[in-house]
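J.:
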Amino acid sequence: MKSALFGKVFLHELRVLIADRTLLLVGSLLVALVLYGFYNGYQETLQREHAAQELAKKQADKHAENITTLRALLGGEQKPDPFANPFDPASVGGGMEMRYATLPTLALSPLAFGQSDMLPNYYKVTDRSKASFMYDTEIENPWNLLSGHFDITFVLVYLFPLIIFALSYNLLTVEREQGTLRMLLSQPLSLAILVAGKLLVRALPVLLIMAVLPLLLLGVLRPQLFQADQLPAVLGWLGLVLAYGGFWFALALLVNIIGRSSATNALALMAAWVLFVLVIPVVLNIVVGLLSPAPSRIELATKTRLITIEGLNRYHDKLSSDYRFTQDPEVLLPRDGKIEVAPRRQAQFLIQRDVDKEIQRVLNEFSTQLAVQQMLVERFGWISPAIVTYEGMAAIAGNGAARYLEFQQQVDRFHERWKEYFEPRLLNSIAMTEQDYAEMPHFEWAEVPVQVSGILKRLLLLVIPALIVIAFAIRRMRRFSVV
Amino acid sequence: MLKTIQLDKHFGSHQALKAISIDVKPGEIYCLLGANGAGKTTLINLFLNFLQPTGGQVLVNGRDVQQYPLESKRDIAYIPELVMLYGVLSGLENLEYFAALATGEKLPRDKLLSLLQGAGLDATAADRRVSTYSKGMRQKVGIAIAMAKNAKALLLDEPTSGLDPKAANEFSQLLTKAKDSGVAVLTTTHDLFHAKQTGTRIGIMRRGELLTELNSADVSHSELESLYLQYMEA
Numbered sequence: 014m015k016s017a018l019f020g021k022v023f024l025h026e027l028r029v030l031i032a033d034r035t036l037l038l039v040g041s042l043l044v045a046l047v048l049y050g051f052y053n054g055y056q057e058t059l060q061r062e063h064a065a066q067e068l069a070k071k072q073a074d075k076h077a078e079n080i081t082t083l084r085a086l087l088g089g090e091q092k093p094d095p096f097a098n099p100f101d102p103a104s105v106g107g108g109m110e111m112r113y114a115t116l117p118t119l120a121l122s123p124l125a126f127g128q129s130d131m132l133p134n135y136y137k138v139t140d141r142s143k144a145s146f147m148y149d150t151e152i153e154n155p156w157n158l159l160s161g162h163f164d165i166t167f168v169l170v171y172l173f174p175l176i177i178f179a180l181s182y183n184l185l186t187v188e189r190e191q192g193t194l195r196m197l198l199s200q201p202l203s204l205a206i207l208v209a210g211k212l213l214v215r216a217l218p219v220l221l222i223m224a225v226l227p228l229l230l231l232g233v234l235r236p237q238l239f240q241a242d243q244l245p246a247v248l249g250w251l252g253l254v255l256a257y258g259g260f261w262f263a264l265a266l267l268v269n270i271i272g273r274s275s276a277t278n279a280l281a282l283m284a285a286w287v288l289f290v291l292v293i294p295v296v297l298n299i300v301v302g303l304l305s306p307a308p309s310r311i312e313l314a315t316k317t318r319l320i321t322i323e324g325l326n327r328y329h330d331k332l333s334s335d336y337r338f339t340q341d342p343e344v345l346l347p348r349d350g351k352i353e354v355a356p357r358r359q360a361q362f363l364i365q366r367d368v369d370k371e372i373q374r375v376l377n378e379f380s381t382q383l384a385v386q387q388m389l390v391e392r393f394g395w396i397s398p399a400i401v402t403y404e405g406m407a408a409i410a411g412n413g414a415a416r417y418l419e420f421q422q423q424v425d426r427f428h429e430r431w432k433e434y435f436e437p438r439l440l441n442s443i444a445m446t447e448q449d450y451a452e453m454p455h456f457e458w459a460e461v462p463v464q465v466s467g468i469l470k471r472l473l474l475l476v477i478p479a480l481i482v483i484a485f486a487i488r489r490m491r492r493f494s495v496v
Numbered sequence: 032m033l034k035t036i037q038l039d040k041h042f043g044s045h046q047a048l049k050a051i052s053i054d055v056k057p058g059e060i061y062c063l064l065g066a067n068g069a070g071k072t073t074l075i076n077l078f079l080n081f082l083q084p085t086g087g088q089v090l091v092n093g094r095d096v097q098q099y100p101l102e103s104k105r106d107i108a109y110i111p112e113l114v115m116l117y118g119v120l121s122g123l124e125n126l127e128y129f130a131a132l133a134t135g136e137k138l139p140r141d142k143l144l145s146l147l148q149g150a151g152l153d154a155t156a157a158d159r160r161v162s163t164y165s166k167g168m169r170q171k172v173g174i175a176i177a178m179a180k181n182a183k184a185l186l187l188d189e190p191t192s193g194l195d196p197k198a199a200n201e202f203s204q205l206l207t208k209a210k211d212s213g214v215a216v217l218t219t220t221h222d223l224f225h226a227k228q229t230g231t232r233i234g235i236m237r238r239g240e241l242l243t244e245l246n247s248a249d250v251s252h253s254e255l256e257s258l259y260l261q262y263m264e265a
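From first to last, the protein sequence lines are chains A and B.
Under the numbering used here, the letters of the first sequence match residues 14 to 496, in that order.
Under the numbering used here, the letters of the second sequence match residues 32 to 265, in that order.
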């Protein structure tokens, strides 16, 4: 009997929503927003992937060019260039050969920009100090909701609640105001079933569009979505959309149960939206900034300069030596596996090495600050479902703060390997051979799999508040006034 | 069938009903007379469990409506003073929905049409959107909804308001037919003539109190009128 009544309410509401075109209007608006958001995210991802391909090609071209030059020089067909000498480890490690370390995109990358527009997706690694390539851009608060791009996650976090409000802010109150509620509840129909039917008929289509449409588009455009290892991310996406949407529907339910008039409901829901989506994230942003302020970039720059000046003094002898090739061009070619690396260039390498060593403390401060900020967001983010969802989506899309931090660390370790490879050759004047070119270290990104426990935790952080709101609404239902 | 025992209802400091005890038996049409604000609609709302009594009891078919809200609503059909429907749907679709909620089953189209016809709605209007209906036409759909339920009791709040005299007369006939088949009818009205004509018993209310009850067979129309005015002026 109960389920039969529920079905009747559901079908009737569907009929009304279709007849008054609400469903058509709201549905097509949501579809348009989702399509636009997806288009933006997809374009951005394509650009990133295109850039990564270009960089890989540039690296390969340069490599091939170096090998060609090396062979030409060995054959005596060409004269060596002192500053781009393929035998000279100082030239090779310092930029003739370079490694573009790129962070690959994931299957779900088009769904959320996350940190991708604020933190670099690639670094050019040479034997120069990491201060020169890793920290040359402004280090921002990694979590910055305000820089909202119009991606799917923006549609979900910011606009989807408004769509939900449009459908359900006056779910019950309009029936009371129209007088149909008396007609309905004079029948053997409980308020709970009526409300459940009305809610579900509104929730189903919009949740379906929001959750499934982006995945359908992804499935068509990015077949890697169907790989087994993407399953947690796909399920995570579905779960987060349903839970986040569920939270706002629960809130709409509550205000309808409490509210006296539709206008009051609309106001209350907008207030909740402003609080959860705008105010709390901004306040948390400010608080996180205050609790964990960014280390001084001036200190980093000053320190780098001071170490460089000290180095200029320390390696004065090497630096003041002349370039021998001006008198003796023969030194530019290898002899018995040796090549004369200009002392000046050795000194430059050593200065960069010292910079790396000395600024480590300052760089650690940056890392600590990022970690503390991330920790604070994790600890207090639950206050707003918007933050939980935003962070969760970025993580699933592979554009979350954690993955970018890991990328930075992997690049850092690779940079060390690169320098370790060149240091003995450079300081001991060992000539580079074609064999060496084949064996030089390559950057290989070790993927961090999407953490199922992280997704589950975020889901709980959305589902628990939603359930609390629903429980409260059910408690208030007894006091609901029909007249 | 429709019974109240020492029923009190307060809205804050205002006492809307004072110790009302009525009992409408199957086969009776009980007409509640009274000026605006006498508490007639409050009484109806209490029967529908839309309001909770401050004191006393409301029983439908022997069951307390607060304890058995759904069961008691299965026994009552209700027509409000203003029948409000879904404007974007047709009269037939509205009837279909409410009848389905009332009976738990989907009624076939010809059954729905005959119900609408029985309530006096023009057959051509059945498939038009209710937003184009007049108040009287909506009232007729409301009557059809109530009739579809085949309930043991009818609760009517000024049911004939907005009906033209012919329709009101047809409605009176429907009520008499329901009475004859053993339905208990409680109706509020301002219409003394209607009360005398169709009612079997008449109660007069003023400011939340039931002043008197009488059998309509025992009074003439003019006696009822003078009695009513006498109570109102006192």
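Here a beta-carbon is modelled for each residue, glycine too, at the ideal position from N, C-alpha and C.
B/L79 to B/R169, Cα distance in whole Å?
T.: 21 Å
J.: Using 8 Å as the threshold, is the C-beta distance between B/I36 and B/G87 below it?
T.: yes
J.: Going along chain A in order, which residues have a C-beta closer than 7 Å to the C-beta of B/A133?
T.: Around B/A133, the beta-carbon contacts reaching into chain A at under 7 Å are Q200.
J.: Measuring alpha carbon to alpha carbon, tell me which of A/V476, A/A451, A/V44, A/V463 ends up nearest A/E110.
T.: A/A451
J.: A/R416 by DSSP, collapsed to three states: which one?
T.: Correct three-state label for A/R416: helix.
J.: If you check the beta carbons only, do A/I320 and A/D367 fall under 8 Å apart?
T.: yes
J.: In angstroms, rounded to a whole number, what distance separates the CA positions of A/V170 and A/G467?
T.: 19 Å
J.: Counting only Cβ pairs nearer than 7 Å, list the residues of chain A close to B/F129.
T.: What B/F129 touches in chain A: M196, Q200.
J.: Does DSSP classify B/D249 as helix, strand or coil?
T.: helix
J.: Under 8 Å between C-beta atoms, does A/T13 make it to chain B?
T.: The displayed coordinates of chain A run from 14 to 496. Any statement about residue 13 of chain A would go beyond what the structure contains.
J.: Please report the straight-line C-alpha distance between A/F427 and A/D330, rounded to a whole angstrom.
T.: Cα to Cα, A/F427 sits roughly 31 Å from A/D330.
J.: If we call anything under 8 Å between Cβ atoms a contact, is B/L64 one with B/Y259?
T.: The beta carbons of B/L64 and B/Y259 sit closer together than 8 Å.
J.: List the whole-angstrom C-beta distance separating A/L475 from A/Y257, where the pair is believed to meet the contact cut-off of C-beta under 8 Å.
T.: A Cβ-Cβ distance of about 6 Å is found for the pair A/L475 and A/Y257, placing them in contact under the 8 Å criterion.
J.: The stretch 30-45 of chain A: which residues have C-beta closer than 8 Å to a C-beta of chain B, in chain order?
T.: Within the stretch 30-45 of chain A, contact with chain B at the beta-carbon level (separation under 8 Å) is assigned to A32, D33.
J.: List in chain order: all unbroken beta strand (DSSP E) runs of 3+ residues lying wholly within the stretch 62-129 of chain B.
T.: 86-91, 107-110
J.: Cβ of A/V302 less than 8 Å from any chain B Cβ?
T.: Checking the sequence, you will find Gly at residue 302 of chain A rather than Val. At least 8 Å separates the CB of A/G302 from every CB of chain B.
J.: Using beta carbons (cut-off 8 Å, strictly below), is B/M178 in contact with chain A?
T.: no
J.: Kindly list the residues whose CB is nearer than 6 Å to the CB of A/A263, restricted to its own chain and excluding five residues on each side of it in sequence; keep chain order.
T.: Only A479, V482, I483 meet the Cβ criterion.
J.: Taking Cβ positions only, does A/R488 come closer than 8 Å to chain B?
T.: A/R488 does not count as touching chain B.
J.: Bridge partners for B/E240 per DSSP, in chain order?
T.: B/R237
J.: Return the chain-ordered list of same chain residues with a C-beta closer than 7 Å to the C-beta of B/T85, the five sequence neighbours on each side being excluded.
T.: D39, K40, H41
J.: At a CB-CB cut-off below 8 Å, which residues of chain A make contact with B/I107?
T.: S199
J.: What distance in whole Å lies between the Cβ atoms of B/M236 and B/L17, which are believed to be in contact at a cut-off of 8 Å?
T.: Beyond the ends of chain B as shown, which are 32 and 265, falls residue 17 of chain B; an answer cannot be given.
J.: Tell me, please, which residues DSSP counts as bridged to A/I503.
T.: Summary: the structure shown does not reach residue 503 of chain A, with chain A confined to residues 14 through 496, and so no result is reported for it.
J.: For the stretch 382-395 of chain A, which residues have a beta carbon sitting closer than 8 Å to at least one beta carbon of chain B?
T.: When CB distances to chain B are screened at a threshold of 8 Å, not a single residue of the stretch 382-395 of chain A falls below it.
J.: Find the nearest neighbour of A/P102 within the set A/R430, A/L30, A/E436, A/K470, judged by alpha-carbon distance.
T.: A/E436
J.: How is B/I60 classed by DSSP in three states: helix, strand or coil?
T.: Note: B/I60 maps to strand in three-state DSSP.
J.: For the stretch 192-210 of chain A against the stretch 412-431 of chain A, do three or more pairs of beta-carbon atoms, one drawn from each stretch, fall closer than 8 Å, so that the two count as touching?
T.: Because the criterion of three Cβ pairs below 8 Å is not met, the stretch 192-210 of chain A and the stretch 412-431 of chain A do not touch.
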